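K.L.:
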Amino acid sequence: MGDFNEVVHVAERKGATSLSASGEDFRAWINDMELVDLELNDRKYTWLRGQSCSRIDRTLVSLEWLDTYMDTRLRGGLRGLSNHCPLILEDRRLVQGPRQFHSLDSWFTHEGFLRMVKEEWRGLGDAQFLDKLKALSKPLGRWHKQHFGNIPEKIKKLEEEIKKVDDMVSNGVYDGTVEARRKALVRCCELWYTRQDIHWK
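With the sequence shown counted from 1, adding 3 to any position gets you the numbering used here.
#1: Going by C-alpha to C-alpha distance, which of S85, L90, R118 sits closest to L77?
#2: Who are the near neighbours of S55 in its chain, counting only those whose CB is closer than 8 Å to its CB and skipping five residues on each side?
#3: Please report the straight-line C-alpha distance between K186 and S173, rounded to a whole angstrom.
#4: Examine chain C for any beta-carbon lying closer than 9 Å to the beta-carbon of D60, and answer yes or no.
#5: Provide the residue span of the alpha helix (DSSP H) that contains R190, from first to last.
#6: DSSP three-state call for I154: helix, strand or coil?
#7: Whole angstroms are fine: how far does the CA of R184 sit from the CA of G128?
#8: Return the CA-CA distance between G152 and K204, expressed in angstroms with no decimal places.
#9: Using CA atoms only, rank isn't needed, just tell me which of L107, Q149, T49 is closest to M4.
#10: On the DSSP letters alone, give me the boundaries of the beta strand (DSSP E) that T75 sits inside.
#11: Using only CA atoms, which one of D45, F132, L69, I158 lies nearest to W200?
#12: Given this structure, state the Cα-to-Cα distance separating M171 from R198, to the nearest angstrom.
#13: Please classify G175 as buried or exposed, where buried requires at least 16 neighbouring CB atoms within 10 angstroms.
#14: Between W32, F111, R58, which lies nearest to V13 when the distance is taken from Cα to Cα?
#15: For a minimum of 4 consecutive residues, which ranges assigned as the alpha helix (DSSP H) are wholly contained in the stretch 120–171?
#16: By DSSP's criteria, E93 is part of a beta bridge. Which residues make up the other side?
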């Protein structure tokens, strides 16, 4: 899965009328390796810059892999500031058995997370382990919404505050308090950048 920087069909490049020699070679290689190029379900192109559009990002799988994961689909995510759309591979099979318990690595970057878990866990008394995990899901959901509910918005507010301080400095307002405030805001913003990276991973 990734950016192969090549199309394998004329329709995968906007305005193209023929396939390049390197495109022909890449398509032949895919066939020689007995790979399957998963179909992209929700868009035609994965790379856009100006009026140029191509599908150069793809996911290649073996026939054996496809036999095991028959119910997968490939879709593109929002490209944001990048020229590329991220590829998202989804498994549409229904999960059998009890609902899985999930935690996010980003939670462990928050100083209050483990304390909250310990308090909630103690409050559940002598219940069975699986029952405790099930009961813990609701307070975890509330805690996540309160502390991690909208990370981009938190980052945006911090960036706006940093800009206000920079504007003050540009207008001649500068002292130790202003510098200390900027450093504190930058540290906090960096922490949320890290949390956002961990969250997406």
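Glycine residues also receive a C-beta, built at the ideal position from the N, C-alpha and C atoms. Note that the structure is a prediction, hence the values are computed from the model and not measured.
P.N.:
Quick answer:
#1: Counting from one through the sequence shown, the residue named residue 77 turns up at place 74. It is L90 whose Cα lies nearest to the Cα of L77.
#2: Position 52 of the sequence shown holds residue 55. When the five nearest sequence neighbours on each side are left out, the beta carbons in the same chain lying within less than 8 Å of the beta carbon of S55 are those of K17, in order along the chain.
#3: On the sequence shown, position 183 is the one that residue 186 refers to. On the sequence shown, position 170 is the one that residue 173 refers to. Distance between the alpha carbons of K186 and S173: 16 Å.
#4: Going by chain labels, chain C is absent from the structure shown, which holds only one protein chain.
#5: The residue given as residue 190 occupies position 187 in the sequence shown. Where R190 is concerned, the enclosing alpha helix (DSSP H) stretches over 179–203.
#6: If you number the sequence shown from 1, residue 154 lands on position 151. Here I154 sits in helix by DSSP.
#7: Residue 128 sits at position 125 when you count from the first residue of the sequence shown. Residue 184 sits at position 181 when you count from the first residue of the sequence shown. In this structure, the straight-line span from the alpha carbon of G128 to that of R184 is close to 44 Å.
#8: Looking up residue 152 in the sequence shown gives position 149. Looking up residue 204 in the sequence shown gives position 201. One C-alpha to the other measures close to 16 Å.
#9: As a first step, residue 4 must be located in the sequence shown, where it is residue number 1. For M4, the closest alpha carbon among the candidates L107, Q149, T49 is that of T49.
#10: Indexing the sequence shown from 1 puts residue 75 at position 72. Its beta strand (DSSP E) spans residues 75–79.
#11: What you label residue 200 is simply residue 197 of the sequence shown in a count that begins at 1. Residue 200 is actually Asp in this sequence, not Trp. Nearest C-alpha to D200: I158.
#12: Within the sequence shown, numbered from 1, the residue matching residue 171 stands at position 168. Within the sequence shown, numbered from 1, the residue matching residue 198 stands at position 195. Taking the straight line joining both Cα atoms gives about 28 Å.
#13: Position 172 of the sequence shown holds residue 175. With fewer than 16 Cβ atoms within 10 Å of its Cβ, G175 is classed as exposed.
#14: Taking the first residue of the sequence shown as position 1, residue 13 is located at position 10. For the set W32, F111, R58, the Cα lying nearest the Cα of V13 is the one of R58.
#15: Segments of the alpha helix (DSSP H) lying fully in the stretch 120–171: 132–151.
#16: Sequence index remark: in the sequence shown, residue 93 carries index 90 (1-based). Answer is R76, bridged to E93.
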